[in-house]
Amino acid sequence: MPREIFIAKTSDLKDGELKKFKYKGRSAVLVKIDGEFHAFLDYCTHAGGPLTMENCKLKCLTHYALFNPKTGEAETLPAPKGSYLMEIKIKEENGNIYHLNTIVFKDKK
Ligand code: FES
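Position 68 (the sequence shown) corresponds to 67 in numbering that gives the first Met the number 0; numbering is contiguous.
Right, dumping it as structure tokens:
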């Protein structure tokens, strides 16, 4: 059974916002989009740049690739086509968001 780690209260983020948190000592992002929460490692699939949220897209601050904030899929170069941000499994319960100590890899091989 994975241990649940508190990240944020659901009321901490408005739609289209991002909050950084630590996942096992590494930077990670929690985003709220269309009322849903998603979490990813703060690590661009091109060269590892940090992410921000801009106009409801995740955007790499190093070379500006855009990612889908629901799936983590790369939408623009230079992030490789078919690459995905590493997703962190989360759970929403009683107004709190927890991560479940699990990463989901979705890159197409
Ligand atoms: S490191 Fe993100 S686009 Fe290059």
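The beta-carbon is built from N, C-alpha and C at its ideal position, and this holds for glycine as well.
Nothing here was measured: the structure is a model prediction, and the numbers come from that model.
Taking Cβ to Cβ, would you say Pro68 is nearer than 7 angstroms to Leu57? yes
Is it the case that the CB of Ala46 approaches a heavy atom of the ligand FES more closely than 6 angstroms? yes
What residue does the beta strand (DSSP E) around Gly100 start on, and which one ends it? One detail in the question is off: residue 100 reads as Asn in this sequence, not Gly. Its beta strand (DSSP E) spans residues 95–103.
Note down the Cα distance separating Asn95 from Leu12, rounded to an integer number of angstroms. 11 angstroms
Under three-state DSSP, which class holds Thr51? strand
Is Phe104 buried or exposed, if buried means 16 or more other CB atoms sit within 10 Å of its CB? exposed
How should Phe5 be labelled, buried or exposed, when 16 other C-beta atoms within 10 angstroms of its C-beta is the threshold for buried? exposed
Closer than 6 angstroms to a non-hydrogen atom of the ligand FES - does that hold for the CB of Pro68? no
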